[in-house]
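So in numbering that gives the first Met the number 0, spot 59 of the sequence shown is number 58, and the numbers just go up one at a time.
A short write-up of the structure that comes next.
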Amino acid sequence: MTDPRSRIPSIDALLATPAAETLVEDLGRAQVADALRNAVEQMRTAIGRGDDETTSSVEESDWYIRQAAALLVAASRPSLRRVINATGVVLHTNLGRAPLAEEALEAMRSAAIYSNLEFDLDEGVRGSRYVHCVRLLRDLTGAEDALVVNNAAGALVLSMSTVGLGRGVAASRGELVEIGGGFRIPDVIERSGASLVEVGSTNRTRPADYEAVVSSSEAAAILKVHRSNFRITGFTEEVSVADLVGIGTQYDVPVVHDLGSGLMLPAEDLRLPQEPTAAESIAAGADAVVVSGDKLMGGPQAGVIVGKAALIGLMRRNPLCRALRVDKVTLAGLEATLRLYANPGRVRERIPTLRMLSLESEALRAVAEEVAGMLTDQDVPCAVVPTKGAVGGGTYPGVELDSWAVELDGPNGTQALANTLRHGSPPVVGRIVDDRLRLDVRTLLPGEHQLVVACVVGAFAADGMHSV
Ligand SMILES: *Cc1c(COP(=O)(O)O)cnc(C)c1O
0 MTDPRSRIPS IDALLATPAA ETLVEDLGRA QVADALRNAV EQMRTAIGRG DDETTSSVEE
60 SDWYIRQAAA LLVAASRPSL RRVINATGVV LHTNLGRAPL AEEALEAMRS AAIYSNLEFD
120 LDEGVRGSRY VHCVRLLRDL TGAEDALVVN NAAGALVLSM STVGLGRGVA ASRGELVEIG
180 GGFRIPDVIE RSGASLVEVG STNRTRPADY EAVVSSSEAA AILKVHRSNF RITGFTEEVS
240 VADLVGIGTQ YDVPVVHDLG SGLMLPAEDL RLPQEPTAAE SIAAGADAVV VSGDKLMGGP
300 QAGVIVGKAA LIGLMRRNPL CRALRVDKVT LAGLEATLRL YANPGRVRER IPTLRMLSLE
360 SEALRAVAEE VAGMLTDQDV PCAVVPTKGA VGGGTYPGVE LDSWAVELDG PNGTQALANT
420 LRHGSPPVVG RIVDDRLRLD VRTLLPGEHQ LVVACVVGAF AADGMHSV
């Protein structure tokens, strides 16, 4: 018998088939030829392995085209793509934090083309990108001025560099936090060109601690950091923004408050525990307040600084501002998000982060039962169970959100099912609890319920086919 390898078609012959010609038209000859070479390699390996079933297709050009097309599809899938968040963690940092409002998406789409980013349409002369969100931020927080940069960490670097370059910045030992991803407040201060002047102790810091270092000119500014991602309880004491402002005013040093979370409405509106807002810090007299755009604000990744006009002006002229500058698409999304806050009656319904946080347990139970019903109709065994979600994004540590989930156990086990769902299109990410996969319905967006059902049905079919 002749070696089956001798019967493998040539790449040129494969490229000449009508099916390959269609692929070449879409993707170019070089890519398709590469994929066909890969398919030929697969055939050679199968022959070497003695895989008779595959070897029986050795002369079928269709077999090679199919393999090549599958490879090309996999290669053309974007690296960064949409995922369905069924984890119940609303601001899931690994899944991109805040999902944006429709209004924000629309604004981002139109700004991505040409825009008046730095062009004054009234006068027909050069304008500034920094004007776009200022009025909205002033109205929302009561601040004199505002500046938007790339993210809150950048906003903090810019603030520290502006108030503390070559000088000391006083910060409480109880607030020298790690924000996440190894990003620590002491390092940020040092890298901004300021030197950290630690005051107080881990659990207790008093006004006199700050006063000692600013009265001696050891520190030229005060930084207060909101402990957003952990709690200290028990024998504790911290100094309020109002008291820090009193000290700052007496010794003429600015007070910067890094709030992080970006909550722009009263926490009780979301039935969440009290969380400080930028408006409160501004009312207490803070010179600058830093918040994140994509945490509780519910907008795109951005760093928002609001505060006194003189200080914000210095920040805008700081050369680092250019390095941290916000992009047009982000600015458009942030502006559209901020605009939604102007209507307090509708903001919770328009901004997905706020809407998800507002959902009540009983309503979620009904949604979970509906999803489970659709799955049962398609012969997928499942149960509806109460579960606990979280706000996420390093906010509200220890706060659990009462929610409901659809619980699943795949034909090949929970891990296999979770794996198949993660590899689906779109990928669905849930949470494994007690060896069962839970899909928490709180974090599903409108219209995703049917999609999740289709993904789960598909995953059950795929796992069932491979089950032993
Ligand atoms: C999250 C957070 C930051 C960083 O915000 P990013 O927008 O992620 O850069 C800074 N400070 C505090 C207190 C935070 O919670």
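All C-beta atoms, glycine included, are put in the ideal place defined by N, C-alpha and C.
Just the Cα atoms here: how many angstroms apart are residue i and residue j?
i	j	result
V379	G409	9 Å
E487	E406	In the structure as shown, the chain starts at 0 and stops at 467, and residue 487 therefore has no counterpart that could be examined.
M159	L310	11 Å
D11	A32	9 Å
A218	D208	11 Å
T161	M314	6 Å
A145	C132	8 Å
L319	S291	18 Å
P3	T16	21 Å
D326	V124	20 Å
V383	L139	41 Å
E369	R437	15 Å
T1	E24	36 Å
E359	W403	10 Å
Taking 7 Å as the cut-off, is the CB of residue i close to at least one heavy atom of ligand 1?
i	result
I178	yes
K294	yes
S291	yes
N150	yes
D257	yes
V224	yes
S260	yes
Do residue j and residue i come within 8 Å of each other at the CB atom, strictly closer than that value?
i	j	result
G261	M107	no
V82	G388	no
T442	A97	no
N84	Q300	no
T394	L90	yes
A100	R349	yes
L269	L356	yes
L363	V452	no
A170	V224	yes
V148	R324	yes
V176	N228	yes
L71	L120	no
A530	Q66	Because residue 530 is not part of the residues shown, which for the chain are 0 to 467, the question remains open.
C381	A365	no
Can you check DSSP and say which residues form a bridge with residue i?
i	result
W403	P385
M198	In the sequence on display, residue 198 carries Val and not Met. Looking at the DSSP assignment, V198 forms a beta bridge with S171.
S291	G302
E177	R183
K223	H256
G391	L90 and T394
L146	I304
V427	I83
Touch check for the stretch 268–283 and the stretch 70–82: three-plus C-beta pairs under 8 Å?
no
Using a Cβ distance threshold of 8 Å, determine whether the stretch 298–312 contacts the stretch 155–167, with at least three qualifying pairs required.
yes
Decide if the stretch 230–243 is in contact with the stretch 179–191; the criterion is three or more beta carbon pairs, one per stretch, under 8 Å apart.
no
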